[in-house]
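Going by the numbering used here, the sequence shown opens with residue 61, and the numbers climb by one from there. Where a beta carbon is used, it is the ideal one built from N, C-alpha and C, also for glycine. To start, the structure itself, in structure tokens.
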Amino acid sequence: SRARLASSACRASTQPPPPATSGAWLGAGAPADDEKQRESKLEQWLTSHGVYLAATSGWGQAPHPLGIATQTKDSDLQDSGRGLLATRGVRQGDPLFRIPEEVCMTRARAVQELGADVIRPELGEHESIALLLMRERHRGDASFWAPYIGVLPKSTDEVKASWAWSDAELNMLKGSPALNEAREFQKRIAASYDELAAPGGAIERMVASGAAPADALDKQAFDWAMAVLFSRAINMREMDALVLAPYADLLNHSPASNAIFEAEKPFMSDTHEIVCYADRQYGKMEQVYLSYGKRSNQELLLLYGFVIDRNPFDEVVLSVSLEESAPRYAEQAEFLRLRRRRPSLSFPLRVDRFPDELIQFTRFACMDDADGDLALADYTRPVSRRNEEAARAAVVGACEAALAAYPRTLAEDRALLADKGARSLLGERGYMAMRLCMNEKAILERAIRAVGALAWA
61 SRARLASSAC RASTQPPPPA TSGAWLGAGA PADDEKQRES KLEQWLTSHG
111 VYLAATSGWG QAPHPLGIAT QTKDSDLQDS GRGLLATRGV RQGDPLFRIP
161 EEVCMTRARA VQELGADVIR PELGEHESIA LLLMRERHRG DASFWAPYIG
211 VLPKSTDEVK ASWAWSDAEL NMLKGSPALN EAREFQKRIA ASYDELAAPG
261 GAIERMVASG AAPADALDKQ AFDWAMAVLF SRAINMREMD ALVLAPYADL
311 LNHSPASNAI FEAEKPFMSD THEIVCYADR QYGKMEQVYL SYGKRSNQEL
361 LLLYGFVIDR NPFDEVVLSV SLEESAPRYA EQAEFLRLRR RRPSLSFPLR
411 VDRFPDELIQ FTRFACMDDA DGDLALADYT RPVSRRNEEA ARAAVVGACE
461 AALAAYPRTL AEDRALLADK GARSLLGERG YMAMRLCMNE KAILERAIRA
511 VGALAWA
């Protein structure tokens, strides 16, 4: 998106990032018996393949410190699905689990299971593992991964990722860049499927090989598999691979967590284990978290299906550009070219910080002949009264233009949520969409206040 500084018009967009710091962990209501049975089968299957989940010490093994909770809540008291709880005290640095590569889904395993003629070298990791997921779900109890697939979301609706929302649901994001981002993502998913389903493509080869019937590999099944992958798969640098790691993917996200996955090779082994170490001390029955990365609410909703009200990495990106009709445009564009900078730049706004580079760029962009040499000006402070007024007006105008794109103001959103029946009327996705938009509006409003607070000298 572009911003014309002369007219102070700017569009905002969020960059891509999940829930919660520690707090209430157990959702309302007792877990359904069938869900507990599925979790028990998963634990038994993992144990049979070398994952130590016993609550007591074994030979050279400390008691396993975690247990599965069917329903959890994040620090915003929003449902966060399954999670892992500390069943005893956990110390910082303690290993939480070790998941052998044998039970993981990777592209290499897809080649092994489906054959090199189906999973050809040009096929991407997501698509390769998606085909394996679809085949294994079709196989039901005969699948090696049946206990794992049994605890995965049953549909894209359960994942709640915004790229899988309907048009009517996406319209609830009106004004937010998250709307266009989700639609573009939908197009990319559709294009990926079309390539797989083309004559002579991987799906046709897979059906011909007898690996799975065509109706198990339709677009709905592909969307489900991709939703699972984008919300659960992890990029393991040590393995140079995308990995679906059963049990490990039950860890929920907290922006406050520093814990990450690592891939380690046990002594005398050629394969890896997926390991996670506790980033801090956890008390008994406290939910244990992982970091999915420094992700904004836009990316969290797009890929994972949730937003965080107090997300320190949430951001709105203002893209601003030089005005081609400005009197010094040619000189300014050449000045930037020589420094390998483009005449259009993007700046992230966050709730706890205002980027100094944004006001510095607008000061540069608003230079006129009276402001002197472009190379000699100090853009870290006001260049002149006229220049400063123009620069500040450009930033404020950009933020106001972004705010005007939303159908309601932040104050109107807050008044709506004050109505006790509003949330039920909005529905779960409408409520998530409102929270995402409210956080973006708060960032934009704070940026306007930050501009007003800048020193004039």
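Quick check on residue i: does DSSP put it in helix, strand or coil?
i	result
Lys-133	strand
Asp-412	coil
Pro-237	helix
Asn-312	strand
Ala-88	Here Ala-88 scores only 38 on pLDDT, less than 50, and its place in the model should not be relied on; the value that follows carries that caveat. In this structure, Ala-88 counts as coil in the three-state DSSP scheme.
Gln-152	coil
Phe-373	coil
Arg-495	helix
Ala-274	helix
Ala-502	helix
Gly-46	Because the chain spans 61 through 517 in this model, residue 46 falls outside it and cannot be assessed.
Ile-419	helix
Ser-356	coil
Gly-120	coil
Glu-161	helix
Tyr-253	helix
Leu-514	coil
Ser-67	Residue placement at Ser-67 cannot be trusted, given a pLDDT of 28 that sits under 50; what the coordinates show is reported in the next sentence. Ser-67: coil per DSSP, three-state reduction.
Leu-405	strand
Leu-378	strand
Leu-363	helix
Gln-347	strand
The beta strand (DSSP E) spanning residue i covers which residue range?
i	result
Cys-336	333-337
Met-296	294-296
Arg-142	139-146
Val-456	Run containing Val-456: none in the beta strand (DSSP E); it sits in the alpha helix (DSSP H), 445-464.
Leu-302	301-303
Glu-322	321-324
Locate the alpha helix (DSSP H) running through residue i, then write down its first and last residues.
i	result
Val-267	262-268
Glu-394	389-398
Glu-472	470-478
Glu-99	93-108
So, using beta-carbon positions, are residue i and residue j closer together than 8 Å?
i	j	result
Arg-489	Met-232	yes
Ser-404	Ser-385	no
Phe-407	Val-377	yes
Leu-310	Ile-128	yes
Lys-234	Tyr-466	yes
Tyr-342	Ala-146	yes
Cys-426	Ala-461	no
Leu-289	Pro-207	no
Leu-409	Arg-402	no
Tyr-338	Gly-153	The sequence shown places Ala at residue 338, not Tyr. Yes; because the gap between Cβ atoms is below 8 Å, this pair is in contact.
Arg-474	Glu-333	no
Thr-132	Gln-347	yes
Thr-216	Trp-284	yes
Arg-243	Leu-256	no
Ala-115	His-198	no
Glu-185	Arg-167	yes
Ala-287	Val-219	yes
Ser-291	Ala-221	yes
Gly-323	Met-299	Correcting the residue type first, residue 323 is Ala in the shown sequence and not Gly. Contact: yes.
Leu-113	Leu-156	no
Lys-501	Leu-476	no
Trp-223	Ile-189	no
Val-411	Ile-508	no
Phe-282	Tyr-253	yes
Leu-193	Leu-174	no
Asp-374	Asn-499	yes
Pro-160	Gly-210	no
Pro-442	Trp-516	yes
Which ranges would you report for the alpha helix (DSSP H) in the region 165-235 if only whole runs of at least 4 residues count? 167-174, 185-199, 206-209, 216-219, 227-230
Three Cβ pairs or more, each shorter than 8 Å: is that satisfied between the region 493-505 and the region 353-362? yes
Give a yes or no on contact between the region 477-487 and the region 433-441, applying the rule of three or more CB pairs nearer than 8 Å. Taking a cut-off of 8 Å on C-beta distances, the region 477-487 does not touch the region 433-441, as fewer than three cross pairs fall below it.
Report yes or no: do three or more beta-carbon pairs, one from the region 168-182 and one from the region 440-450, lie closer than 8 Å? No, because fewer than three Cβ pairs between the region 168-182 and the region 440-450 fall closer than 8 Å, the two stretches do not touch.
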